[in-house]
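Trainee: Those sequence lines, one after another, are chains R and X. Following numbering that gives the first Met the number 0, the numbering of the first sequence begins with 0 at its first residue and continues without gaps. Following numbering that gives the first Met the number 0, the numbering of the second sequence begins with 0 at its first residue and continues without gaps. Right, I'll just put the structure down here and ask away after.
2 protein chains.
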Amino acid sequence: MIFTTKAEYGVRLLVELGRHYEDGSPVSLKAIAEAEGLPLAYLERIVALLKKAGLVESTRGAHGGYRLAREPQSIHMDEAVLALEGAVAPMSCFVDDSAEGGVLCSHVIDHGQGCATKLLWMRVQGGVIKALAQTTLAELVAFHGHPVVPAREPVNA
Amino acid sequence: MIFTTKAEYGVRLLVELGRHYEDGSPVSLKAIAEAEGLPLAYLERIVALLKKAGLVESTRGAHGGYRLAREPQSIHMDEAVLALEGAVAPMSCFVDDSAEGGVLCSHVIDHGQGCATKLLWMRVQGGVIKALAQTTLAELVAFHGHPVVPAREPVNA
DNA sequence: GGTTCTCCGACCTCACTGGTAGGATTAGGG
DNA sequence: CCCTAATCCTACCAGTGAGGTCGGAGAACC
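What follows is the structure, encoded as structure tokens:
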């Protein structure tokens with residue numbers, strides 16, 4: 000159940016943008032790539048996903064770069080990871096049937112209504128999405144600043 | 000964050016064994032493969048993982064097969080999935096540092112104490128393990144027996 | 001006009017998943 | 001005793017996607 004580096008790099012990119020959110024001026028990918036030690040060309044493709052999802056804005060040309068489209072407190076990580084990974088599903092047949100009627104995996108058809116494993120994967124998916132949704136970018140930015148604090152359950156609002 | 004078919008097939012195999020747990024006699028892989036429509040040779044490798052983890056026992060020779068090593072109520076799915084997938088980690092650097100001192104991913108070293116993303120992945124991992132641990136094999140077996148909406152005849156024979 | 005950026009698509013390599021093949025080993029049954 | 005049914009075990013193989021590179025085209029600022 001491993002996330003790819005898209006999620007890892009993308010979140011770190013967001014954190015970096017969040018640190019400069021107050022500045023107003025955009026941050027170039029080159030600066031981020033150097034600060035985080037990540038391949039620039041690869042970051043370009045990753046940030047494109049975030050832009051398409053409306054999480055970041057871009058300014059082209061010299062002194063251009065990227066900045067957050069919203070304030071860090073309102074950016075929840077489920078949205079970010081969904082944009083980066085395409086889908087948050089424990090099994091390949093779980094594209095995103097959360098709202099659909101009855102999207103069943105192929106091996107289920109002969110079993111009538113939903114395989115037993117589906118119950119399991121649904122619970123797992125729920126756990127992941129919940130964990131992601133409860134974490135905001137602002138939290139990660141703050142954690143980046145002073146990592147000593149062991150954040151327990153700060154999502155009480 | 001997709002599980003592989005090892006987890007899918009392995010759990011379905013366990014469910015099938017759970018259905019015949021009361022019988023006492025072992026179930027052959029061939030029977031399971033035919034019942035579930037899965038490749039026999041592939042199942043052999045999967046069940047080997049479950050055996051190594053002590054979840055199932057085997058009897059060799061004619062009329063042999065596999066049976067659960069414990070009763071279904073005491074088999075929690077975190078143990079099963081861990082045996083099948085090797086590790087339940089959201090990121091590659093998360094082998095299993097839950098008990099270790101400070102296993103940090105390589106890109107973290109220069110940031111002092113834990114990257115911001117680690118906080119995120121820890122929460123995700125916690126959510127997944129919790130969801131898995133809260134589900135027992137007995138639950139899945141029961142769910143397999145009588146699905147919520149009986150649109151068709153369930154396979155009870 | 002050159003520099004610095006974002007943008008965009010093609011390309012490449014490598015590991016791993018998913019599955020197969022072929023056997024050796026063990027146990028029952030005639 | 002052989003034959004058959006089953007577990008075991010290792011090697012192999014094709015496809016795919018992850019992870020990353022390259023080259024270039026457009027856009028803004030000096």
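Here a beta-carbon is modelled for each residue, glycine too, at the ideal position from N, C-alpha and C.
Is Gln124 (chain X) buried or exposed, if buried means 16 or more other CB atoms sit within 10 Å of its CB?
Mentor: Buried is the call here.
Trainee: Per the DSSP calculation, Glu56 (chain R) is bridged to which residue(s)?
Mentor: Partner(s): R:Arg66.
Trainee: Thinking just about the alpha-carbon of each residue, which of X:Leu139, X:Leu28 and X:Ala88 is nearest to the one in Trp120 (chain R)?
Mentor: When each option's Cα is compared against that of Trp120 (chain R), the closest is X:Leu139.
Trainee: Taking 6 Å as the limit between beta carbons, can you name the residues of its chain near Leu131 (chain X), skipping five residues before and five after?
Mentor: Around Leu131 (chain X): Met76, Asp77 and Val80.
Trainee: At the level of alpha carbons, what is the spacing between His143 (chain X) and Thr134 (chain R)?
Mentor: Straight-line Cα distance between these residues: approximately 35 Å.
Trainee: Can you confirm whether Arg11 (chain X), when its beta carbon is compared against all beta carbons of chain R, has any partner nearer than 8 Å?
Mentor: Arg11 (chain X) counts as touching chain R.
Trainee: Are the beta-carbon atoms of Leu9 (chain R) and Ile45 (chain R) separated by less than 8 Å?
Mentor: It is Gly, not Leu, that sits at residue 9 (chain R) in the sequence shown. Contact flag set, yes.
Trainee: Given a threshold of 16 other Cβ atoms within 10 Å of its Cβ, counted over all protein chains shown, does Arg11 (chain X) qualify as buried or as exposed?
Mentor: The residue in question, Arg11 (chain X), is buried, as its Cβ has 16 or more Cβ neighbours within 10 Å.
Trainee: How many Å lie between Lys29 (chain R) and Ile1 (chain R) at the Cα?
Mentor: Near 27 Å, if we compare the C-alpha coordinates of Ile1 (chain R) and Lys29 (chain R).
Trainee: Cβ of Val14 (chain X) less than 8 Å from any chain R Cβ?
Mentor: Yes, because at least one Cβ of chain R sits closer than 8 Å to the Cβ of Val14 (chain X).
Trainee: What do you reckon, are the CB atoms on Val26 (chain X) and Gly64 (chain X) nearer than 8 Å?
Mentor: The answer is yes: Cβ separation under 8 Å.
Trainee: Which one or two residues does DSSP pair with Thr135 (chain R) in a beta bridge?
Mentor: R:His75.
Trainee: Please work out which residues of its chain come closer than 6 Å, Cβ to Cβ, to His19 (chain R), disregarding the five sequence neighbours upstream and downstream, and give them in chain order.
Mentor: The answer, listed in chain order, is Val26.
Trainee: Give every residue of the same chain whose Cβ lies closer than 8 Å to the Cβ of Glu70 (chain R), excluding the five residues on either side of it in the sequence, and list them in chain order.
Mentor: Taken in chain order, the residues that qualify are Tyr20 and Ala137.
Trainee: At the level of alpha carbons, what is the spacing between Asp22 (chain X) and Lys50 (chain X)?
Mentor: Between Asp22 (chain X) and Lys50 (chain X), the C-alpha separation is close to 19 Å.
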